[in-house]
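J.: Protein chains in written order, with the numbering used here: chain F, 6 to 230; chain A, 6 to 230.
Every residue gets a Cβ at the ideal spot worked out from N, C-alpha and C, and that includes glycine.
Source: prediction; values computed, not measured.
Structure in structure tokens, see below.
2 protein chains.
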Amino acid sequence: MTQKSKQMQVPIVQDILSANDEIALQNRETLDRTGICMVNLMASPGAGKTSLLLRTIESLRTKLRMAVIEGDIASTVDADRIAQENIPVVQINTGGQCHLDAPMLRRALHQLHLPDLDLIIVENVGNLICPVDFHLGEHLNIMIASVPEGDDKPYKYPGIFLAVDAVVINKIDLLPYVHFDLAAFRTLVTGMNPDVHIFEVSCETGVGIAPWADWLVQQTGKCQD
Amino acid sequence: MTQKSKQMQVPIVQDILSANDEIALQNRETLDRTGICMVNLMASPGAGKTSLLLRTIESLRTKLRMAVIEGDIASTVDADRIAQENIPVVQINTGGQCHLDAPMLRRALHQLHLPDLDLIIVENVGNLICPVDFHLGEHLNIMIASVPEGDDKPYKYPGIFLAVDAVVINKIDLLPYVHFDLAAFRTLVTGMNPDVHIFEVSCETGVGIAPWADWLVQQTGKCQD
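In structure tokens, the structure reads:
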């Protein structure tokens, strides 16, 4: 053993990425090379992820080149609805897993012709808990909170409210019929996550979609700078 | 080596229980010794688990001796509401885990005075996916499907619709304001799970609670036979 080898320091690898995060980083690099913005859309079952997608596609069809990646335990119900809009769509069936992960996204990205796209919206599995812990390579995390679910959800599912860049409050057309204190909900959410953007929409009537869509265009622009 | 030992067969242990299932079985034996019925109540966030509990307590207070075990990622919001009803209640905070499991239930059962009880209702974590795979020792699995979530959920979350003994369709007071085909939903659910009981209720107005509560009394009686 030479003097030199004795002096060599043991390499210390800090902050080791999980296998998922490693692949998420690769996905992110793939997207950044092409200037694509990827949004991870999360919500409870039935909060309106697919409805928000359809409204967003309607609003932005002439402004952005979009694709959708649909995550579900089973079925292609949602992907079939998106495909009718003539938008590229890839279905991921998780086969029971309660969230998408970065390797699934990598395989889905391989199915899309990336140079033709500005924005990819990923509809995660309907679940407020598990998807939060798995990075996909996304630029933005968005959640939908649905009015009939009630205004106490931030207390019970704090992780997702802390993790997101924006909360879209959907089904505001049902406000007259259910107990939901919009002001209290906003105060609670911004108290937990001061930088969060909050949008109030009804995918049923289309109210509030324009400011949400404008913000998404602006965010997509940042990915292309 | 003797002749006898040569003839001995290698023991084959089939259908080994998982650690969770083993403890679930112990929980079930504990309950059966005391003649208690335990119900595992599952639903999406905001479908009305706590509201159904409150209506059920109101209906059955004079007929059954009840306790509630509340499962949440965080907070005691729901348990605090139940405690106001002067019903024994135990809170389990899973600390991030997306479902309850049998060891958590065992610890919760230790907090209750079992000889004083006929019925324990467990409110699982709000999630249509993960709770299905973890037996707790329950006699009945019940899910709530909420009208504003839409009528396509059985396609997307088949596991839970296949696993339950009853589906409680909640928020039927919102039927005039949302798209939900009750007949189609019933046909779909009974096609997947022919033995399932279906109840239509509104925890807001109280409509439909009586048949549900009567059925629960009948099922509790079976545990005490």
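Please list the partners that ASP77(A) has in chain F, where partner means a Cβ-to-Cβ separation under 7 Å.
T.: Taking the second sequence and counting its residues from 1, the one referred to as residue 77(A) is at position 72. LYS161, listed in chain order.
J.: Exposed or buried, GLY226(F), counting other C-beta atoms within 10 Å across all chains shown (16 or more means buried)?
T.: For the purposes of this step, residue 226(F) is identified with residue 221 of the first sequence, where counting begins at 1. Under this definition GLY226(F) is an exposed residue.
J.: Residues in the same chain with beta-carbon distance under 8 Å from THR7(F), minus the five sequence neighbours each way, listed in chain order, please.
T.: Here residue 7(F) is taken as the residue at index 2 of the first sequence, counted from 1. Summary for THR7(F): the model assigns pLDDT 49, below 50, so the residue's position carries little reliability, and this model does not support an answer.
J.: Note down, in chain order, all residues in the stretch 71-97 of chain A with a beta-carbon under 7 Å from any beta-carbon belonging to chain F.
T.: Cβ contacts with chain F come from ASP77, ILE78, ALA79, SER80 and VAL82.
J.: Among all the DSSP beta bridges, which residues are the ones paired with ILE149(A)?
T.: Here residue 149(A) refers to the residue found at position 144 of the second sequence. Beta-bridge pairing links ILE149(A) to ALA48(A) and VAL173(A).
J.: Express the C-alpha separation of THR61(A) and ASP219(A) in angstroms, rounding to a whole number.
T.: Sequence index remark: in the second sequence, residue 219(A) carries index 214 (1-based). Sequence index remark: in the second sequence, residue 61(A) carries index 56 (1-based). Approximately 10 Å between the Cα atoms of the pair.
J.: Give a yes or no on whether 8 Å exceeds the smallest Cβ distance from SER23(F) to chain A.
T.: Sequence index remark: in the first sequence, residue 23(F) carries index 18 (1-based). No, no contact with chain A.
J.: Residues in its own chain within less than 6 Å of MET43(A) by CB, not counting five upstream and five downstream?
T.: Working through the second sequence from its first residue, we reach residue 43(A) at position 38. Same-chain partners within the cutoff: LEU36, ILE125, GLU143 and HIS144.
J.: Are the C-beta atoms of THR7(A) and some chain F residue less than 8 Å apart?
T.: Translated into positions along the second sequence, residue 7(A) becomes position 2. Since pLDDT at THR7(A) reaches only 49, below the 50 mark, its modelled position is unreliable, and the value read off the structure follows with that caveat. Contacts with chain F at 8 Å (Cβ-Cβ) do not include THR7(A).
J.: I'd like to know whether the C-beta of PRO153(F) is nearer than 8 Å to at least one C-beta of chain A.
T.: Locating residue 153(F) in the first sequence gives position 148, counting from the first residue. Closer than 8 Å: yes.
J.: ALA72(A) and ILE92(A) - do their beta-carbons sit closer together than 8 Å?
T.: The residue you call residue 92(A) lines up with position 87 of the second sequence. The residue you call residue 72(A) lines up with position 67 of the second sequence. Going by C-beta atoms, ILE92(A) is nearer than 8 Å to ALA72(A).
J.: Could you tell me whether any Cβ in chain F is nearer than 8 Å to the Cβ of ASN132(A)?
T.: By one-based count along the second sequence, residue 132(A) stands at place 127. Yes, contact with chain F.
J.: For a contact meaning CB atoms closer than 9 Å, what does GLY164(A) contact in chain F?
T.: Start at 1 with the first residue of the second sequence, and residue 164(A) comes out as number 159. Neighbours of GLY164(A) on chain F, chain order: ILE78, ALA79 and GLY101.
J.: Straight-line CA distance for LEU117(F) to VAL95(F)?
T.: The count along the first sequence starts at 1 and reaches residue 117(F) at position 112. The count along the first sequence starts at 1 and reaches residue 95(F) at position 90. Roughly 8 Å between the two C-alpha positions.
J.: Would DSSP call THR7(A) helix, strand or coil?
T.: Residue mapping note: residue 7(A) aligns to position 2 of the second sequence, counting from 1. Below a pLDDT of 50, predicted positions are generally treated as unreliable, and THR7(A), at 49, falls in that range; the measurement from the model is reported next regardless. Note: THR7(A) maps to coil in three-state DSSP.
J.: Below 8 Å, how does it come out for the stretch 198-214 of chain A and the stretch 172-189 of chain A: are there three or more Cβ pairs, yes or no?
T.: The answer is yes - the stretch 172-189 of chain A touches the stretch 198-214 of chain A, with three or more Cβ pairs under 8 Å.
J.: Starting from the N-terminal side, write out each stretch of the alpha helix (DSSP H) that is 4 residues or longer and does not extend beyond the stretch 26-105 of chain A.
T.: 54-65 and 82-88
J.: Return helix, strand or coil for GLU154(A), following the three-state DSSP convention.
T.: For the purposes of this step, residue 154(A) is taken as residue 149 along the second sequence, with counting starting at 1. Three-state DSSP puts GLU154(A) in a helix.
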